[in-house]
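As structure tokens, the structure follows; a few thoughts come after it.
Number of protein chains: 2
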Amino acid sequence: MSYSIGDVVKKTGLSAHTLRYYEKEGLLPFVKKNASGVRAYSDEDLRWLTMIECLKDSGLQIKEIRQYIEWFNEGDSTLSQRLSLFENRRKILEKEMARLTVVMNKIRYKELLYREAVRVGSLDVATNERRLKHLKKKLFESPDDFDKVTG
Amino acid sequence: MSYSIGDVVKKTGLSAHTLRYYEKEGLLPFVKKNASGVRAYSDEDLRWLTMIECLKDSGLQIKEIRQYIEWFNEGDSTLSQRLSLFENRRKILEKEMARLTVVMNKIRYKELLYREAVRVGSLDVATNERRLKHLKKKLFESPDDFDKVTG
DNA sequence: ATAATACTTAGAGTTTACTCTAGGTGTTCG
DNA sequence: CGAACACCTAGAGTAAACTCTAAGTATTAT
Numbered sequence: 269m270s271y272s273i274g275d276v277v278k279k280t281g282l283s284a285h286t287l288r289y290y291e292k293e294g295l296l297p298f299v300k301k302n303a304s305g306v307r308a309y310s311d312e313d314l315r316w317l318t319m320i321e322c323l324k325d326s327g328l329q330i331k332e333i334r335q336y337i338e339w340f341n342e343g344d345s346t347l348s349q350r351l352s353l354f355e356n357r358r359k360i361l362e363k364e365m366a367r368l369t370v371v372m373n374k375i376r377y378k379e380l381l382y383r384e385a386v387r388v389g390s391l392d393v394a395t396n397e398r399r400l401k402h403l404k405k406k407l408f409e410s411p412d413d414f415d416k417v418t419g
Numbered sequence: 269m270s271y272s273i274g275d276v277v278k279k280t281g282l283s284a285h286t287l288r289y290y291e292k293e294g295l296l297p298f299v300k301k302n303a304s305g306v307r308a309y310s311d312e313d314l315r316w317l318t319m320i321e322c323l324k325d326s327g328l329q330i331k332e333i334r335q336y337i338e339w340f341n342e343g344d345s346t347l348s349q350r351l352s353l354f355e356n357r358r359k360i361l362e363k364e365m366a367r368l369t370v371v372m373n374k375i376r377y378k379e380l381l382y383r384e385a386v387r388v389g390s391l392d393v394a395t396n397e398r399r400l401k402h403l404k405k406k407l408f409e410s411p412d413d414f415d416k417v418t419g
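Printed below as a string of structure tokens:
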């Protein structure tokens with residue numbers, strides 16, 4: 269099976285502009301064109317687009333994805349480089365998730381603080397409630413200046 | 269206590285450029301200047317910078333942070349808007365963490381696949397190993413095209 | 001006193017990943 | 001056969017968040 273750029277737009281949700289841009293950036297080196305220069309995407313190309321989406325979701329930049337595809341095309345001699353890439357990415361994702369957990373607690377505290385402030389009609393009153401002060405301590409293992417902010 | 273922009277650079281790790289940029293964008297409406305126009309940051313200003321960092325970490329854009337600060341300055345009449353902001357942010361962070369969990373599993377599979385490929389010296393051989401095929405099933409609850417990609 | 005350093009402003013430049021425009025060619029349908 | 005539509009390329013424009021430059025003033029150290 270082969271697909272026009274319009275077909276791929278429908279399948280992937282990417283714009284035709286974006287698909288051509290990806291190709292220009294070296295992310296789709298396998299896409300064939302017919303005699304009049306019209307792109308014909310294969311199922312393999314669609315699977316690469318799925319892979320590209322995953323790599324983008326993991327935070328890779330386009331030039332890093334291009335590097336990965338180049339390594340893939342060079343074959344088994346680049347296996348260790350590709351392993352490093354995924355190792356690093358996994359570590360970065362772990363850090364990112366840890367970071368988000370910390371931020372989440374701070375935002376959750378603010379949400380509860382403002383929920384109470386709305387209930388009693390005053391931010392100052394809510395901020396000084398024992399229950400919320402206690403919650404603050406519970407949510408922030410390592411307190412920083414954050415808990416002094418009144419906003 | 270008050271601090272020069274250089275002091276704040278050392279304390280926060282932000283550049284002087286960035287601090288002035290934040291001020292221009294309305295994120296630091298309280299910073300005082302002396303007779304010759306030199307900024308003197310207060311402890312309150314430093315706490316706002318901590319708050320701004322948290323909001324940025326949670327994914328808010330600068331204009332959204334400015335909006336929040338404007339609401340803060342308007343007092344208790346904007347409590348419900350601020351509550352909405354934190355509610356939305358919490359929901360977005362939850363989605364983001366769920367997204368990262370999915371991506372993490374895919375990247376972890378790739379890492380293990382390439383670790384094995386490096387060990388045996390062949391991506392094709394590793395891809396066809398029963399152990400890794402089984403792992404793939406375990407990691408991806410809802411299989412998509414991803415598991416067909418060989419790269 | 002003078003050199004170095006820190007500060008000021010306005011505004012231009014950078015990066016990333018698109019996103020769109022202009023001007024044109026090719027294909028399909030009634 | 002001609003209108004409508006999909007496609008092509010090259011290149012310009014956009015948004016966000018900085019990042020830096022230029023040209024000048026003020027402060028500090030020797």
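The listed protein sequences correspond, in order, to chains A and B.
Add 268 to the 1-based position in the first sequence for the working numbering, that's all there is to it.
Add 268 to the 1-based position in the second sequence for the working numbering, that's all there is to it.
For glycine and all other residues, C-beta sits at the position ideal for the given N, C-alpha and C.
Quick caveat, the model's predicted, so the values are computed rather than measured.
Interface flag for A385 (chain B) against chain A is set, since a Cβ pair is found closer than 8 angstroms. If you draw a straight line from the Cα of V388 (chain B) to the Cα of E293 (chain A), it comes to about 32 angstroms.
Taking a beta-carbon distance threshold of 8 angstroms, L351 (chain B) counts as an interface residue toward chain A. In the DSSP annotation of this structure, the continuous segment of the beta strand (DSSP E) that includes A308 (chain A) starts and ends at 307-310. The closest CA to that of V276 (chain A), considering only A:N302, A:F298, A:Y309, is found on A:Y309. If you compare the alpha carbons of A:D344, A:R350, A:L361, A:V299 with that of D325 (chain A), the shortest gap goes to A:L361. Taking 8 angstroms as the cut-off between beta carbons, none of the residues of the stretch 291-308 of chain A comes near chain B. For S348 (chain A), the chain B residues whose Cβ falls inside 7 angstroms of its Cβ are V386, in order along the chain. In the three-state scheme derived from DSSP, where H, G and I count as helix and E and B as strand, S270 (chain A) is classed as strand. The beta carbon of D313 (chain A) does not come within 8 angstroms of any beta carbon belonging to chain B, so the residue lies off that interface. Around the Cβ of E384 (chain A), a 10 Å sphere holds 16 or more other Cβ atoms; the residue is buried. Within chain A, the residues S326, F354, R357, R358, L361 have their CB atoms less than 7 angstroms from the CB of I375 (chain B), given in chain order. Distance from the CA of W339 (chain A) to the CA of H285 (chain A), rounded to the nearest whole angstrom, comes to 26 angstroms.
Put simply, the stretch 358-378 of chain A touches the stretch 399-410 of chain A. At least three CB pairs are less than 8 angstroms apart.
Between S390 (chain B) and chain A, the shortest Cβ-Cβ separation is below 8 angstroms. Within chain A, the residues L347, R350, L351, F354 have their CB atoms less than 7 angstroms from the CB of Y382 (chain B), given in chain order. One thing to note: L368 (chain A) has its Cβ within 8 angstroms of the Cβ of M365 (chain B).
Here the stretch 352-359 of chain A lies against the stretch 326-337 of chain A, with 3 or more beta-carbon pairs under 8 angstroms apart.
Where V371 (chain A) is concerned, the enclosing alpha helix (DSSP H) starts and stops at 347-388.
Between the beta-carbon of L295 (chain A) and that of I320 (chain A) there is about 6 angstroms, and that keeps the pair under the 8 angstroms contact cut. Around the beta-carbon of A303 (chain A), fewer than 16 other beta-carbon atoms lie within 10 Å, marking it exposed.
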